[in-house]
Every structure is written in structure tokens, then in C-alpha cells.
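Protein chains: 2
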Amino acid sequence: MAQLKLPALDPVQVPPRVGSAYPEPFKSRVSARRKQRLGDALGLKNYGVNLTTIPPGAVSALRHWHSHEDEFIYIVSGELVLVTNDGEQRLTPGMCAGFPAGRADGHCLVNRTQRDAVFLEVGDRRPEDAVTYPDDDIAGRATPQGRRFTRKDGTPY
Amino acid sequence: MAQLKLPALDPVQVPPRVGSAYPEPFKSRVSARRKQRLGDALGLKNYGVNLTTIPPGAVSALRHWHSHEDEFIYIVSGELVLVTNDGEQRLTPGMCAGFPAGRADGHCLVNRTQRDAVFLEVGDRRPEDAVTYPDDDIAGRATPQGRRFTRKDGTPY
């Protein structure tokens with residue numbers, strides 16, 4: 041098949057970004073995740089769409105919630121455990137989850153299987169967004185240069 | 041497996057809406073499409089996420105583009121032909137496309153196969169959005185009550 045041209049895109053054409061912008065000691069915890077920024081590659085600006093791969097034993101992020109961003113995830117392949125305040129749920133391909141802005145229920149996805157898990161994630165880009173991490177001493181804020189992190193008392197890492 | 045609870049959701053739990061809000065003679069052209077509004081079911085407000093099924097021979101929409109909405113689609117199953125100004129491209133599962141706000145390139149998806157095709161679609165909700173249909177005498181505008189349609193000269197259907 042001929043290679044797709046914009047506005048169509050085959051994700052194999054998009055190189056992944058590995059790891060996170062977290063400071064240590066958190067960076068090491070999510071060093072294995074791989075994100076392909078499909079929305080950016082397609083020229084979208086109002087929200088981001090990533091195709092994210094979580095290897096066996098890895099997590100998608102620190103458990104967190106957003107003040108102003110709506111977040112959506114859809115499982116493409118493999119199996120992931122969704123962790124929230126209410127506990128755990130196992131998600132398989134075709135299942136999804138949504139995290140409305142401002143709902144104080146930290147979430148993350150854990151891969152407890154022996155094979156890669158892949159999901160689509162969507163999040164809109166609110167300049168006033170703040171990210172809360174209930175389990176860790178870290179806080180995130182949107183800035184024009186991307187997300188910036190401090191300790192919860194505002195001091196830098 | 042136990043039924044998922046929010047913030048997780050299995051799309052089988054979401055009843056589809058069949059057809060469109062287009063006036064005739066356009067309504068009949070997309071009467072077969074089925075949309076499951078996953079984003080609404082998950083309580084998301086900043087953008088919509090639909091899981092949309094296009095039966096054999098059907099189309100996703102009239103060919104169109106948005107003034108202010110970014111649109112993203114991801115093929116889940118089956119095969120769809122993307123039609124744009126530049127012609128046609130065949131999309132299979134895992135492929136995607138994106139339509140940045142304001143880019144004057146009308147698009148739609150056609151199912152030319154003998155089986156259902158399913159895709160995810162994301163669109164943000166801009167109150168100032170206008171929809172242009174290059175091939176048809178119809179115009180769309182966002183309103184607080186949803187999208188409203190007129191002829192291109194503004195007269196009602």
C-alpha cells in the first residue's frame with residue numbers, strides 16, 4: 041500500500057518519545073512509556089492525541105488529575121489496569137475511560153502483563169491547567185513552554 | 041468480567057444514535073451511520089468522542105470542513121475510504137487522519153466494503169464553529185442547542 045499523505049497518517053510514520061518530563065525520583069518510574077504524538081503530526085492544536093505504548097511492568101504516569109483538562113483514553117491492544125480512588129479495573133481492547141476536568145480522582149494505567157499495551161489518549165490544552173498528584177510530592181502547571189513541575193509547596197526540584 | 045464502572049466504560053453499554061440532524065435531501069444519505077457518544081457518557085465537556093459505525097455502502101457525513109474545530113479520526117475495524125480535495129486514500133485499522141480547524145479541505149469517509157467499519161472521532165466544541173459543505177447547498181453553524189443548518193444563502197430548509 042502506498043504511504044499515506046496528510047490529512048491521513050499511519051502511526052508507524054511517527055517516531056515515539058520515550059520517558060517523561062517528570063523530575064527525579066519520578067522520572068525513573070515512567071521511563072519506559074513511549075508516546076507518538078499523532079495530533080501534533082496531523083497539525084491539530086486544540087487538543088493533543090497520543091498513541092502511547094506501556095511495556096510490561098510499566099505505568100502510564102504518576103496517579104494524577106487535571107483541574108481544567110478533560111482526558112480520554114481508549115485501549116487499542118494489550119491489557120491495562122486502571123487505578124483510581126475506588127480501586128482497580130481491568131481494561132481490554134475497545135474499552136475506554138474518561139476523566140472530566142476538576143474531578144479529584146487521581147488515575148493511572150498499569151501494565152501487569154507480559155506484553156506491550158497500547159492506548160490512545162486525548163487531552164485538551166488549557167493554559168490554566170494544574171495537575172494534582174495525590175500519592176507523590178509533586179505538582180504540575182501548564183506553561184507556554186509545556187508542563188512545569190515543583191514540589192507541592194512550590195519549591196523547585 | 042464484571043461490568044465496568046465510571047470512570048471506565050465499555051462502549052457496549054452506550055446505545056447508538058442512528059442517522060443525522062441534516063435536513064432532507066441530505067438526511068437520507070447518512071441515515072445508516074450509528075454514533076455512540078462515549079465522551080458524553082463519560083462526562084467530558086471540552087470535546088466530543090464518538091465511536092461511529094458505517095455500514096456497507098454508507099458514508100460518515102457530507103463532505104465538509106470546520107472553521108474552528110479540530111477533528112481527529114482513528115480506524116478501529118473494517119476499512120474506509122477518506123475523500124478529500126486531493127482524492128481518495130484507503131484507511132485500515134490503526135490508521136488515522138486529522139482535520140485542523142480552518143483548513144478548507146472538505147472530507148468524508150465512505151465504506152465501499154461488505155462489512156461494517158468502525159472509527160473513533162474527536163472534535164472540540166467551539167461555540168463560533170461554522171461548517172462548510174463544498175459539494176452541497178447546505179451550511180452548518182454551532183448553536184447552544186446543537187448544530188443548525190440552512191441553505192448557503194442563509195434561507196431555511
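Residue numbers (this note's numbering), protein chains in the order written: chain X, 41 to 197; chain C, 41 to 197. We put the beta carbon where it would ideally sit given N, CA and C, even for glycine. Note that the structure is a prediction, hence the values are computed from the model and not measured.
Tell me whether X/Glu109 is buried or exposed, calling it buried when 16 or more other Cβ atoms sit within 10 Å of its Cβ.
Reading the first sequence from its first residue, position 69 is the one you call residue 109 of chain X. That one is buried.
Residues near C/His104 in its chain [Cβ-Cβ closer than 6 Å; skip 5 each side]
Position 64 of the second sequence, counted from the start, is the residue given in the question as residue 104 of chain C. For C/His104, where only same-chain residues beyond five positions count, the Cβ hits under 6 Å are Gly146, Val171, Tyr173.
Using C-beta distances below 6 Å, list every residue in its chain close to X/Pro63, excluding the 5 sequence neighbours before and after it, in chain order.
Taking the first sequence and counting its residues from 1, the one referred to as residue 63 of chain X is at position 23. Excluding residues within five positions, the ones whose Cβ falls inside 6 Å are Phe189, Tyr197.
Chain C contact for X/Thr195 (CB, 9 Å cutoff):
Taking the first sequence and counting its residues from 1, the one referred to as residue 195 of chain X is at position 155. Chain C, which has no Cβ nearer than 9 Å to the Cβ of X/Thr195, makes this no.
Under 8 Å by Cβ, that's how I've got C/Phe112 and C/Glu168 pegged, so tell me the actual separation to the nearest angstrom.
Translated into positions along the second sequence, residue 112 of chain C becomes position 72. Translated into positions along the second sequence, residue 168 of chain C becomes position 128. So it is not a contact: roughly 20 Å between Cβ atoms.
Quickly, what does DSSP pair X/Thr195 with across the bridge? List them, please.
Taking the first sequence and counting its residues from 1, one reaches residue 195 of chain X at position 155. X/Thr195 is not bridged to any residue.
C/His147 touches chain X at which residues, Cβ-Cβ below 9 Å?
Indexing the second sequence from 1 puts residue 147 of chain C at position 107. Correct list: Pro47.
8 Å Cβ shell around X/Asn86 - same chain, five flanking residues per side excluded
Within the first sequence, the letter at position 46 stands for residue 86 of chain X. These residues qualify, in order along the chain: Asp164, Arg165.
Given a limit of 7 Å on CB to CB distance, which residues of the region 91-125 of chain C reach chain X?
Asp110, Phe112, Tyr114, Leu122, Thr124
On a CA-only basis, which of X/Arg57, X/Ala101, X/Gly88 is nearest X/Val121? Give me that one, please.
Position 81 of the first sequence, counting from 1, holds the residue named residue 121 of chain X. Here the closest residue by C-alpha is X/Ala101.
Chain-order list of residues whose beta-carbon lies under 7 Å from that of C/Val58 (same chain, five-residue window excluded):
Translated into the one-based positions of the second sequence, residue 58 of chain C becomes position 18. Closer than 7 Å at the Cβ level, and outside the excluded window around C/Val58, lie Arg74.
Do you know whose CA, among X/Gly118, X/Asn125, X/Val116, X/Gly142, lies nearest X/Cys2's CA?
Lying before the first or after the last residue shown, residue 2 of chain X is absent from chain X, which here runs from 41 to 197.
Distance check for X/Gly134 and X/Tyr114, CA to CA, integer angstroms please.
For the purposes of this step, residue 114 of chain X is taken as the residue at position 74 of the first sequence. For the purposes of this step, residue 134 of chain X is taken as the residue at position 94 of the first sequence. Going from the Cα of X/Tyr114 to the Cα of X/Gly134 covers about 7 Å.
According to the neighbour-count rule (16 or more other Cβ atoms, all chains shown, within 10 Å of its Cβ), is C/Gly79 buried or exposed?
For the purposes of this step, residue 79 of chain C is taken as the residue at position 39 of the second sequence. It is buried - the Cβ of C/Gly79 has at least 16 other Cβ atoms within 10 Å.
Consult DSSP for C/Val54 and reduce its assignment to one of helix, strand or coil.
Indexing the second sequence from 1 puts residue 54 of chain C at position 14. It is coil, neither helix nor strand.
Endpoints, the beta strand (DSSP E) within which X/Gly127 is located
If you number the first sequence from 1, residue 127 of chain X lands on position 87. Unbroken beta strand (DSSP E) run through X/Gly127: 127-131.
Endpoints, beta strand (DSSP E) assigned at C/Leu160
For the purposes of this step, residue 160 of chain C is taken as residue 120 along the second sequence, with counting starting at 1. Note, C/Leu160: beta strand (DSSP E), 157-164.
Give me, in chain order, the residues of the same chain whose beta-carbon lies closer than 6 Å to that of X/Ala182; leave out the 5 immediate sequence neighbours on both sides.
Position 142 of the first sequence, counted from the first residue, corresponds to residue 182 of chain X. Counting only residues of its own chain and dropping the five nearest sequence neighbours on each side, X/Ala182 has a CB closer than 6 Å to the CB of Pro167, Asp169.
Just reading off the alpha helix (DSSP H) that X/Gly79 is part of, what are its end residues?
The residue you call residue 79 of chain X lines up with position 39 of the first sequence. Where X/Gly79 is concerned, the enclosing alpha helix (DSSP H) stretches over 78-81.
Proximity test, Cβ basis, 9 Å: C/Ala141 and chain X:
Walking along the second sequence from the start, residue 141 of chain C turns up at place 101. Chain X contact via Cβ: present.
List, in chain order, every chain C residue whose beta-carbon is nearer than 9 Å to that of X/Tyr173.
Translated into the one-based positions of the first sequence, residue 173 of chain X becomes position 133. Simply none; closest approach about 17 Å.
When you compare the CB positions of C/Arg152 and C/Gly194, do they come within less than 9 Å of one another, or not?
Reading the second sequence from its first residue, position 112 is the one you call residue 152 of chain C. Reading the second sequence from its first residue, position 154 is the one you call residue 194 of chain C. Here C/Arg152 is not near C/Gly194, since their CB atoms are 9 Å or more apart.
Go ahead and pull the three-state DSSP assignment for C/Lys75.
The count along the second sequence starts at 1 and reaches residue 75 of chain C at position 35. Shown here, C/Lys75 sits in a strand according to DSSP, grouped into three states.
Under 9 Å between C-beta atoms of X/Gly138 and X/Ser107:
Along the first sequence, one-based indexing puts residue 138 of chain X at 98. Along the first sequence, one-based indexing puts residue 107 of chain X at 67. Here X/Gly138 is not near X/Ser107, since their CB atoms are 9 Å or more apart.
Can you list, in chain order, the residues of its chain with a C-beta nearer than 6 Å to that of C/Leu131? Leave out the 5 residues immediately preceding and following it.
Along the second sequence, one-based indexing puts residue 131 of chain C at 91. Contacts found: Ile115, Leu120, Leu122.
Bridge partners for C/His104 per DSSP, in chain order?
Here residue 104 of chain C is taken as the residue at index 64 of the second sequence, counted from 1. Its beta-bridge partners are C/His147.
Are the C-beta atoms of C/Arg74 and some chain X residue less than 9 Å apart?
Along the second sequence, one-based indexing puts residue 74 of chain C at 34. So, not an interface residue.
In whole angstroms, what is the alpha-carbon distance linking C/Pro95 and C/Phe159?
Along the second sequence, read from residue 1 onward, the residue named residue 95 of chain C stands at position 55. Along the second sequence, read from residue 1 onward, the residue named residue 159 of chain C stands at position 119. Those two C-alpha atoms are separated by around 12 Å.
CB-CB length for X/Leu44 against C/Gln129, believed under 8 Å:
For this step, residue 44 of chain X is matched to residue 4 along the first sequence. For this step, residue 129 of chain C is matched to residue 89 along the second sequence. X/Leu44 to C/Gln129, Cβ: 6 Å. Contact.
For X/Ala157 and chain C, any beta-carbon pair shorter than 9 Å?
The sequence position of residue 157 of chain X within the first sequence is 117, counting from 1. Among the residues facing chain C, X/Ala157 is not included, as its CB has no counterpart in that chain under 9 Å away.
Would you mind sorting C/Ala157 into buried or exposed? The rule is 16 or more other CB atoms within 10 Å of its CB.
Residue mapping note: residue 157 of chain C aligns to position 117 of the second sequence, counting from 1. That one is buried.
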